[in-house]
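**Q** One structure is given below, represented as structure tokens, and several questions about it will come after.
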Amino acid sequence: MKGHLTRNLFPEPQKTKGRVMSTIAAFYSGKSILITGATGFLGKVLMEKLFRTSPDLKVIYILVRPKAGQTLQQRVFQILNSKLFEKVKDVCPNVHEKIRAIYADLNQNDLAISKEDKQELLSCTDIVFHCAATVRFDDHLRHAVQLNVTATQQLLLMASQMPKLEAFIHISTAFSNCNLKHIDEVIYPCPVEPKKIIDSMEWLDDAIIDEITPKLIGDRPNTYTYTKALGEMVVQQESSNLNIAIVRPSIVGATWQEPFPGWVDNLNGPSGLIIAAGKGFLRAIRGTPKAVADLIPVDTVANLTLAVGWYTAVNRPKSTLIYHCTSGNFNPCYWGKMGFQVLAAFEKIPFERAFRRPYADFTTNTITTQYWNAVSHRAPAIIYDFYLRLTGRKPRMTKLMNRLLRTVSMLEYFLNRSWEWSTYNTEMLMSELSPEDQRVFNFDVRQLNWLEYIENYVLGVKKYLLKEDMAGVPKAKQHLKRLRNIHYLFNTALFLIAWRLLIARSQMARNVWFFIVNFCYKFLSYFRASSTLKV
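What follows is the structure, encoded as structure tokens:
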């Protein structure tokens with residue numbers, strides 16, 4: 001009986017088409033899996049990978065809230081009919097039947113799950129992947145605590161009542177302790193207990209919360225990193241009777257390999273900067289070119305997360321293991337180099353209807369940043385809005401530019417620093433995988449070619465975010481040529497006007513001008529005389 005139960009829990013690898021099936025893929029077959037944040041960037045990629053590699057899984061429960069007049073089923077249908085899930089339909093034709101959307105609202109203290117749905121989750125769930133979070137850097141502390149701390153606590157409470165639960169995987173961030181230079185695979189305590197923070201959010205008004213927020217977050221840059229650190233403390237405190245692991249990804253970017261290169265569906269992280277630079281809005285940004293751009297592809301995060309789920313369930317570690325999913329230790333790429341690669345990609349695959357020619361550079365101090373913000377960002381926006389007013393249209397560029405600069409300012413903390421993350425557990429897990437598992441669930445970023453990845457990233461932003469057709473590339477290149485000519489013409493006219501004003505007001509400038517004209521005249525006369533003598 002005991003051997004039969006073990007075989008059911010941890011199925012042996014099977015052979016498929018002459019190749020030994022992945023142990024991890026076999027493990028998820030027949031499982032009932034709960035994914036929070038399944039409508040988010042990582043959640044979608046995680047769900048796609050599960051269906052593609054383990055089509056025999058029993059069901060994936062996803063917590064969904066109706067949005068913009070869409071029902072739960074409509075939201076699921078929209079996800080499954082996206083480009084991301086095209087390959088899934090070939091290996092799992094009945095994928096619609098294997099997704100069970102459950103109404104939930106993580107903004108509510110009880111998650112707003114009905115009694116019937118909650119009972120089904122409690123009795124059936126084998127694995128939980130908690131990906132849901134607010135990733136807004138400027139989110140109000142009350143809202144950030146609710147989604148990143150309280151909701152995590154509520155989900156852990158549910159998990160403790162799941163008799164079949166084999167593993168609970170919590171997705172945090174590598175920047176939860178970004179106030180430290182070197183970050184180990186441990187949970188660092190915050191000065192104030194999470195429970196006290198949760199309780200205080202229930203009775204403090206917004207004005208008081210706004211006042212105490214800087215004191216609470218201390219030397220962290222925003223409420224996001226602070227509340228993710230609190231969330232980890234909650235996981236540690238509630239993990240006594242649960243089999244838990246934490247995955248900490250760094251800056252999550254477009255797909256590297258799976259299901260195809262370059263897929264992205266949100267403006268977070270580099271994606272928004274790529275659009276802003278490619279459209280010509282962003283020309284300068286305060287950052288350190290030699291700082292490590294710790295970018296990690298989303299499919300790499302999904303692969304590591306699924307491997308962690310398997311390892312945690314099968315080996316049941318005695319303590320909560322933390323896995324850093326970062327690239328800087330293994331295959332560093334620097335912001336300056338990445339910036340050049342992005343600009344090079346714009347030459348090949350420019351975006352349509354650019355405001356200006358793509359060009360961006362790093363500034364290293366506040367004064368130069370403010371200068372370039374005034375000259376290269378706000379001034380062109382004001383001029384363009386003036387043009388819109390003259391043509392009877394509503395001005396919008398200044399407002400857009402101010403929003404962009406606010407967003408960029410929130411990223412500056414991460415563009416000017418480098419971190420070191422210990423990766424003992426991640427390397428240990430990699431060594432535990434069979435060659436087939438290492439191939440199917442690849443999270444070895446040492447194999448990543450950054451130049452190729454960045455080019456695919458820019459292409460993915462163009463195709464999947466901006467919805468631009470590749471057939472429009474020649475037209476976009478012609479548009480950039482026109483912008484270049486306008487740029488040269490404007491600069492020439494500006495120089496001539498400035499020089500004319502200088503000559504009118506300065507005797508020295510007039511003397512220089514007469515000297516140059518006289519020199520050119522004498523040179524031409526000499527050249528003409530020389531030509532005549534030769535004839």
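Going by my numbering, the residue at position 163 of the sequence shown is 163; the numbering climbs one at a time, nothing skipped.
Think of the CB as a built atom: it goes at the ideal place given N, C-alpha and C, for glycine as much as any other residue.
1. Please return the same chain residues whose Cβ sits closer than 7 Å to the Cβ of LEU80, not counting the five positions on each side in sequence.
2. Would you list the one or two residues that DSSP bridges to VAL292?
3. In angstroms with no decimal places, state the Cα-to-Cα distance between LYS49 and TRP450.
4. If you drop the 5 nearest sequence neighbours on each side, which residues of the same chain put their C-beta closer than 6 Å to that of PRO332?
5. Just reading off the beta strand (DSSP E) that TYR103 is part of, what are its end residues?
6. Classify VAL618 as buried or exposed, calling it buried when 16 or more other Cβ atoms lie within 10 Å of its own Cβ.
7. Who are the near neighbours of HIS377 in its chain, counting only those whose CB is closer than 8 Å to its CB and skipping five residues on each side?
8. Report yes if the C-beta distance between VAL247 and VAL308 is below 7 Å; otherwise report no.
9. Check whether the segment 163 to 176 touches the segment 237 to 253, taking contact to mean three or more Cβ pairs, one atom from each stretch, closer than 8 Å.
10. For PRO66, which residues of its own chain have a beta-carbon under 8 Å away from its beta-carbon, when the five flanking residues on both sides are left out?
11. Whole angstroms are fine: how far does the CA of ASP105 sit from the CA of SER114?
12. Taking 8 Å as the threshold, find out whether the segment 475 to 490 comes into contact with the segment 285 to 305 through three or more Cβ pairs.
13. I'd like the ranges of any alpha helix (DSSP H) spanning at least 4 consecutive residues and lying wholly in the segment 169 to 240.
14. In chain order, what are the residue ranges of uninterrupted alpha helix (DSSP H) at least 4 long that sit wholly in the segment 449 to 479?
15. Once you ignore the five residues that flank LYS31 on each side, which residues in its own chain have a CB closer than 7 Å to its CB?
16. Cβ atoms of TYR334 and LYS394: under 7 Å apart, would you say?
17. Kindly indicate which residue of PHE175, ASP138, CYS178, PRO194 has the alpha-carbon position closest to the one of GLN154.
18. Specify, as a first and last residue, the run of the alpha helix (DSSP H) that VAL408 falls within.
19. For ALA536 and GLU455, which I take to be in contact (beta-carbon distance under 8 Å), what is that distance rounded to the nearest angstrom?
20. Indicate the three-state DSSP secondary structure (helix, strand or coil) for TRP421 in the structure shown.
21. In angstroms with no decimal places, state the Cα-to-Cα distance between GLU211 and ALA504.
22. Extract the residue ranges of the beta strand (DSSP E) inside the segment 240 to 297, only unbroken runs of 3 or more that lie entirely within it.
23. Just the C-alpha distance for ARG353 and MET338, rounded to the nearest angstrom, thanks.
24. Do THR320 and SER553 count as a contact pair if the criterion is CB distance below 7 Å?
25. With a cut-off of 8 Å on the beta carbons, I'd call LEU466 and ARG356 a contact; round off their distance for me.
26. Are there 16 or more other CB atoms within 10 angstroms of the CB of CYS325, so buried, or fewer, so exposed?
27. Between which residues of its own chain and GLU412 is the CB-CB distance below 6 Å, once the five residues before and five after are set aside?
28. Out of PHE351, ALA101, ARG142, which has the shortest C-alpha to C-alpha gap to LYS279?
29. Excluding sequence positions up to five away, which residues of its chain have a Cβ less than 8 Å from the Cβ of TRP396?
30. Rounded to the nearest angstrom, what separates ILE274 and LYS522 at their Cα positions?
31. Is PHE362 helix, strand or coil by DSSP?
32. Is TRP421 buried or exposed, if buried means 16 or more other CB atoms sit within 10 Å of its CB?
33. Please check if any C-beta of chain B sits within less than 7 Å of the C-beta of PRO435.
34. Shorter than 6 Å, the distance from the beta carbon of PRO289 to the closest heavy atom of the ligand ADP, or not?
35. On a CA-only basis, which of THR398, LEU390, ILE367, THR368 is nearest LEU380? Give me that one, please.
36. What does a CB cutoff of less than 7 Å around ALA277 pick up in its chain, not counting 5 residues either side in sequence?
**A** Per the coordinate set shown:
1. The residues are VAL95, HIS96.
2. Partner residues in the beta bridge of VAL292, as assigned by DSSP, are TYR334.
3. One Cα belongs to LYS49, the other to TRP450, and the distance between them is close to 23 Å.
4. The beta carbon of PRO332 sits closer than 6 Å to those of VAL292, all from its chain and outside the five residues before and after it, given in chain order.
5. Per DSSP, TYR103 belongs to the beta strand (DSSP E) from 99 to 103.
6. No information on residue 618 is available, as it lies outside the stretch 1 to 535 that the chain covers here.
7. Leaving aside the five residues that flank HIS377 on each side, the residues in its chain whose CB is nearer than 8 Å to its CB run, in chain order, PHE281, LEU282, ARG283, ALA284, MET401, LEU404, LEU405.
8. Contact annotation: VAL247 and VAL308 have beta-carbon atoms nearer than 7 Å.
9. They touch, by the three-pair rule.
10. Contacts found: LEU72, ARG75, TYR103.
11. Looking at the two C-alpha atoms, the distance is approximately 11 Å.
12. Because the criterion of three Cβ pairs below 8 Å is not met, the segment 475 to 490 and the segment 285 to 305 do not touch.
13. Those alpha helix (DSSP H) runs which fall completely within the segment 169 to 240 and span 4+ residues are 194 to 203, 206 to 217, 223 to 237.
14. DSSP runs (the alpha helix (DSSP H)) wholly in the segment 449 to 479: 450 to 460.
15. If the five residues before and after LYS31 are omitted, its C-beta is found closer than 7 Å to the C-beta atoms of LEU57, LYS58, ASP126, ILE127, all from its own chain and listed in chain order.
16. Inclusion of LYS394 and TYR334 in the CB contact set at 7 Å is not warranted, their separation being larger than that value.
17. The shortest Cα separation from GLN154 among PHE175, ASP138, CYS178, PRO194 belongs to PRO194.
18. From DSSP, the alpha helix (DSSP H) with VAL408 extends over 397 to 415.
19. Residue 536 is absent from the model: the chain starts at 1 and stops at 535.
20. Looking at TRP421 - three-state DSSP - the assignment turns out to be strand.
21. For GLU211 and ALA504, the distance between alpha carbons rounds to 56 Å.
22. Complete beta strand (DSSP E) runs here, min 3: 244 to 249, 251 to 253, 284 to 286, 295 to 297.
23. If you take the alpha carbons of ARG353 and MET338, they lie about 24 Å apart.
24. This structure cannot speak to residue 553, because the chain is shown only from 1 to 535.
25. 16 Å between Cβ atoms; not a contact.
26. CYS325 should be labelled buried.
27. Taking C-beta separations shorter than 6 Å and ignoring five residues to either side along the sequence, the partners of GLU412 in its chain run ARG286, following chain order.
28. Considering only PHE351, ALA101, ARG142, the residue with the shortest C-alpha distance to LYS279 is PHE351.
29. The sequence shown places Arg at residue 396, not Trp. These residues qualify, in order along the chain: ASP385, LEU388.
30. Cα to Cα, the separation comes out at about 52 Å.
31. DSSP places PHE362 within a strand segment (E or B) once states are collapsed to three.
32. By the Cβ-count criterion, TRP421 is buried, with 16 or more other Cβ atoms from all chains shown falling within 10 Å of its own Cβ.
33. The chain inventory of the structure shown lacks chain B, comprising one protein chain alone.
34. For the ligand ADP, the structure offers nothing, since it holds no ligand at all.
35. Inspection of the sequence shows that residue 380 is occupied by Pro rather than by Leu. From the listed residues THR398, LEU390, ILE367, THR368, the smallest Cα separation to PRO380 is found for THR398.
36. The beta carbon of ALA277 sits closer than 7 Å to the beta carbons of VAL342, PRO358, ALA360 from its chain, once the five residues preceding and following it are set aside; these are given in chain order.
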